[in-house]
Every structure is written in structure tokens, then in C-alpha cells.
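Visitor: The structure follows.
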Amino acid sequence: MAPAAAAAEDGASVAPASAGLDFPAPIVELDAVNGTALFLRVAGEWPRGAPLPTWAWPCVAVVPSPADCTESAFPRRPYCAARAMWGLHSPEAGFLGFELRRPTFTVGPDMPPGPSSHSVCLRPPGSPSGKNQAIVVLGRLVYYPLPKLGFDNTVPVVSVRTFLNPGWKRELRLECKNCSRVNLVAIRPVDPHVHCSELPAEVAALDRVTGMSALTSAPLKPLFARTWTRPASQEHCLPPPAGGPCSGYAEDAFDSAGLVQGDSVASWAPYTGDSATFVLQSNQRLSSSQLRSILHRRSAVCFYSDAFQPRGWLAGYVSFHTNGPDVQAFVGFLCFFGFAMPLICMLTVRLHLGKHQRCQQHLLEMRLGHQREQLQTELGDRRTPLAQRGSSQGSSAAAA
17 MAPAAAAAED GASVAPASAG LDFPAPIVEL DAVNGTALFL RVAGEWPRGA PLPTWAWPCV
77 AVVPSPADCT ESAFPRRPYC AARAMWGLHS PEAGFLGFEL RRPTFTVGPD MPPGPSSHSV
137 CLRPPGSPSG KNQAIVVLGR LVYYPLPKLG FDNTVPVVSV RTFLNPGWKR ELRLECKNCS
197 RVNLVAIRPV DPHVHCSELP AEVAALDRVT GMSALTSAPL KPLFARTWTR PASQEHCLPP
257 PAGGPCSGYA EDAFDSAGLV QGDSVASWAP YTGDSATFVL QSNQRLSSSQ LRSILHRRSA
317 VCFYSDAFQP RGWLAGYVSF HTNGPDVQAF VGFLCFFGFA MPLICMLTVR LHLGKHQRCQ
377 QHLLEMRLGH QREQLQTELG DRRTPLAQRG SSQGSSAAAA
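Taking our numbering, the leading residue of the sequence shown gets 17, the next gets one more, and so forth.
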């Protein structure tokens, strides 16, 4: 049995998290319903591996009220109006994303922002025995005004500390109307070598001779069987990947930040102003590969209307650079422990050796002086009896 199918048989392994959640949904116009999708995320331990069998497909639906969360709200198994985004799913994320077309009762300019009675229902995966689990009411939809974002032509510089107190902190001010606390921005590095690289030699030579576009000429198609693209400075370049640099969830980005606003304001309440401030802040220490990918390069600022969106809007660019005082502290550390400290240690050792030699010499002089005093004392003690004996002999001779 396939690993994913085996995991699907275990109801606990694919059971969603506790219900009573809030699912953010932007307020959209009626004429935009055909091109607007609703993105939802269901927390739980969802399997990933081999394709799931049809009976193990989960399904979500949006209904007007919790009482409408019945089997009739879903198509007949194994069909589902929502599409599970397995391509963006990772077991470490702890959720599975769904995309479904917005029902007509969820659109309209008169939709009041805030919590609503519209509910999100989940039809859990079935089982091969046909014993299906009951429909689960996951939570309600919370509507917020769709923000209007302007592109920032400036390129703010973010100073990255890598030595003392590693991390960074930078405020990003974006031109945004109807922004709320459900909005967030994410930073994604842009690799300039992903889309454009050098042409093969034979293709470039043939392109110069014929003067035709190598991307549209039929005779050149066999030469393009291998992967190649043109440099950005030349005329032709392959198109960027689908979704641009802001493809993927905000949690998968290099860094993300929320709107700076009072905690007393509801998350769905729009911010009164034409601009919004987001704070990029992190205390993580980056690896050498991460530093090479972001330092002195432009990174995309991706705006997400809410965390459930799998794609963001390109709002501008930022550039990461090393922090000047942090670099000075690192250079000072190297200079002190690489040059000053060894020099101080050498001088200390030299002074200690000199002191030790002087102490030995002083000790030797003291020892010689003590021996000299002892020798003089012994000589003095021997001379005294001889003098006494000579004086006694002289007195006896005079008496005779």
C-alpha cells in the first residue's frame, strides 16, 4: 500500500486541528467573482508522498451558516469544488491549503468587515471500507477590506548584524490604503541568474548571422532542447517563472513582518491613512550561504493581503548590507585577539622572564652574602680563643 494511502487510513494522522478558527477573506466586488478565488488553510498532519486515492481526498466548502455544514454542501465523493494545493504543502508546515471559487453570498461591496456567520466546513478523508467521518465545522469567515497598494520605487537598505547581537531591524513604509493587521509583507531574495544566462555558442553565432530571434525560429528549436536562457543585457530573455518572485506562502519567505498598529484595534479593521509601516525584525544568525544570497543584492518585498494567500504582490525591493558598527566591532575583535592580545602576552612573558631572572640573581647574591657572613662569624670565633691563649702565655712568662 502506498505510504500516503496508508496514512490516510489512519484518521488521527489526517485529522484537522481544533475548530473555531477565523479564516480571513477579502471583500471583493460582484463583477470580480469570476476571477477571484478564496484561499483557505486547514491545520493538521496531512500526508505527503504517493498520490492519495480518490476516497482519501479531503474537501472544504463555504456555507452561509454552521447549520448548513452537511453532506449536501459537498459534491458526491470523490469530487470536490475546492482544489487541494499539494504542490505547496510540506509536512513541516502543519497545514494544507485549498483554493475554491468564491460563492456568490461571499462577494459584494456591501459586505461588512469583521466576523460573519459564513462557515468553513471540512469533509475529512474517507476510508476504503466506506465508513466516512462526519462533516466538521472548522470556523467562520472574517472579512476585511481589500487593500490598495502602491509600488515603492525607493530601495531601502537593511543593515544586517552578524557579530554582536545578530539580526536586523528596519521599518518599511508602503503606500497602502485599507491596510489592516491581517496584511503582512515578506522578503524573498531575487536570484539574477535564474532567468538569464549565456547562449550556447552555436545558437549565438547562428542568431548573429541570420538576425532572427532564437526564441521563435523553428529551425533552432532542436538546439533549445537543453536548458538555457539569455543574459538580461541582451535582446532576448526567457520569461520569468509563473508567479514571479512572490510565489509561495509568506512563512516560506526569508523574512516576514506585520503591520505596526495598536493591539486594541481589531485585526480586520482598516488602518486610517494612506501609508502603512511594517517592521522587519529578526535575531537569527545567518549562515554563510544565506549571507551570500542576500548581501549586496536586491530582494523582493512581497505584500500579502493575509497569511492564507499562496501568492503575494510585488511592492518594491530592499537591499541587505552589513552593519557598519558591527563590522567595526568585528574588525576590532580580530585586531585585539589576533594582534594586540598576542603582543601583550609576549610582552608579559618577556617581563615575567626578566623578573624571574632578576629574582634568581638577587637570591644568589643574598645566598652569597649569607655564606660570607657565616664564614666571617666562624673566623671571628676561631680568632678569639687564639688571642686569649696568647695573652695568658705572656702573663705567665712575665711572672716567672
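Where is the CB? At the ideal position from N, CA and C, for every residue including glycine.
Between which two residues does the alpha helix (DSSP H) harbouring D342 extend?
Guide: Unbroken alpha helix (DSSP H) run through D342: G340 to C351.
Visitor: So for A53, helix, strand or coil by DSSP?
Guide: Strand.
Visitor: Using DSSP's beta-bridge definition, name the partner residues of L157.
Guide: According to DSSP, which records beta bridges pairwise, L157 is partnered with F39.
Visitor: Could you check whether P182 and R301 sit closer than 8 angstroms to each other, using their CB atoms as the reference points?
Guide: In this structure, P182 lies closer than 8 angstroms to R301 by Cβ.
Visitor: When you compare each of R186, V78, M127 and C192 to P42 by their alpha carbons, which one comes out closest?
Guide: Among R186, V78, M127 and C192, the Cα nearest to that of P42 is on M127.
Visitor: F111 by DSSP, collapsed to three states: which one?
Guide: In the structure shown, F111 sits in a strand (DSSP, three-state: E or B).
Visitor: So, with DSSP's three-state summary, where would you put C361?
Guide: Looking at C361 - three-state DSSP - the assignment turns out to be helix.
Visitor: Can the beta-carbon of L285 be found closer than 8 angstroms to that of A323?
Guide: It is Ala, not Leu, that sits at residue 285 in the sequence shown. No, they are not a contact pair.
Visitor: In chain order, what residues of the same chain have a beta carbon less than 6 angstroms from the beta carbon of K185, not counting five sequence neighbours either side?
Guide: Closer than 6 angstroms at Cβ, skipping near neighbours: Q297.
Visitor: Considering only residues of the same chain and omitting the five flanking positions on each side of V295, which have a CB-CB separation below 6 angstroms?
Guide: Once the five neighbours on either side are set aside, the close Cβ partners of V295 are E187, A273 and V276.
Visitor: Between A331 and D168, which are expected to be in contact by the criterion C-beta below 8 angstroms, what is the C-beta distance as a whole number of angstroms?
Guide: Indeed, because the Cβ distance is near 6 angstroms, the residues count as touching under 8 angstroms.
Visitor: What are the residues that DSSP puts in a beta bridge with F294?
Guide: According to DSSP, F294 bridges with L188 and L275.
Visitor: Among S81, A72 and T122, whose alpha-carbon lies nearest the alpha-carbon of Y160?
Guide: Ranking S81, A72 and T122 by Cα distance to Y160 puts T122 first.
Visitor: Flag this pair as yes or no: are the beta carbons of I151 and T52 separated by less than 8 angstroms?
Guide: Result no, Cβ atoms of I151 and T52 do not sit closer than 8 angstroms.
Visitor: Rounded to a whole number of angstroms, what is the C-alpha to C-alpha distance between R366 and M357?
Guide: Between R366 and M357, the C-alpha separation is close to 14 angstroms.
Visitor: Report the option in P80, L104, V79 and C75 whose CA atom is closest to the CA atom of P94.
Guide: Closest by alpha carbon: C75.
Visitor: Taking the alpha carbon of L112 as the reference point, which residue from P140, V136 and W62 has its own alpha carbon closest?
Guide: It is W62.
Visitor: Taking buried to mean at least 16 other C-beta atoms within 10 Å of its own C-beta, is L391 buried or exposed?
Guide: So L391 counts as exposed.
Visitor: Using 8 angstroms as the threshold, is the C-beta distance between T104 and V136 below it?
Guide: The question names Thr, but residue 104 in the sequence shown is Leu. Against a cut-off of 8 angstroms, the Cβ pair of V136 and L104 comes out as no contact.
Visitor: Terminal residues of the continuous beta strand (DSSP E) containing S81?
Guide: Where S81 is concerned, there is no enclosing beta strand (DSSP E), given that its DSSP letter is neither H nor E.
Visitor: Could you name the residues of the same chain whose beta carbon sits closer than 8 angstroms to that of L116, not counting the 5 residues immediately before and after it, in chain order?
Guide: Closer than 8 angstroms at Cβ, skipping near neighbours: A53, L54, L56, V76, A77, V78, A97, A98 and R99.
Visitor: Take P141 as the anchor and find which of P172, E191 and A72 has the nearest alpha-carbon.
Guide: For P141, the nearest C-alpha among the options comes from A72.
Visitor: Keeping to the same chain, check which residues put their C-beta closer than 6 angstroms to that of G36; ignore five residues upstream and five downstream.
Guide: Hits under 6 angstroms: G155.
Visitor: Which residue's Cα is closest to the Cα of V44: F90, K164 and G348?
Guide: The candidate whose alpha carbon is nearest that of V44 is K164.
Visitor: Using the DSSP secondary-structure output, state which residues sit across from K164 in a beta bridge.
Guide: BP columns for K164 point to K193.
Visitor: Can you have a look at Q325 and say buried or exposed, based on whether 16 or more other CB atoms are within 10 angstroms of its CB?
Guide: Q325 comes out buried.
Visitor: Going by other Cβ atoms of all chains shown within 10 Å of its Cβ, with 16 needed for buried, is R374 buried or exposed?
Guide: With fewer than 16 other Cβ atoms within 10 Å, it is exposed.
Visitor: Mapping DSSP to helix, strand and coil, what is F355?
Guide: In the structure shown, F355 sits in a helix (DSSP, three-state: H, G or I).
Visitor: Pick out whichever of N194, R398, K371 and A316 has its Cα sitting closest to the Cα of T170.
Guide: Answer by Cα proximity: A316.
Visitor: Considering only residues of the same chain and omitting the five flanking positions on each side of R189, which have a CB-CB separation below 6 angstroms?
Guide: S291 and T293.
Visitor: Report the partner residues of P205 according to the DSSP bridge assignment.
Guide: Per DSSP, S315.
Visitor: For R308, report the span of its alpha helix (DSSP H) as first-last.
Guide: Start and end: S304 to I310.
Visitor: Look at the alpha carbon of D38 and the alpha carbon of G124, and state the distance between them as a whole number of angstroms.
Guide: Taking the straight line joining both Cα atoms gives about 20 angstroms.
Visitor: Which residues mark the beginning and the end of the beta strand (DSSP E) in which C262 is found?
Guide: Counting along the chain, C262 falls outside any beta strand (DSSP E), and DSSP gives it neither H nor E.
Visitor: Below 8 angstroms on the Cβ atoms is my contact criterion, and I expect V334 with P129 to pass it. Report the Cβ-Cβ distance as a whole number of Å.
Guide: With 8 angstroms as the limit, V334 and P129 do not qualify as a contact, their Cβ atoms being about 30 angstroms apart.
Visitor: Which of the three DSSP states, helix, strand or coil, is assigned to F336?
Guide: F336 falls in the strand class under three-state DSSP.
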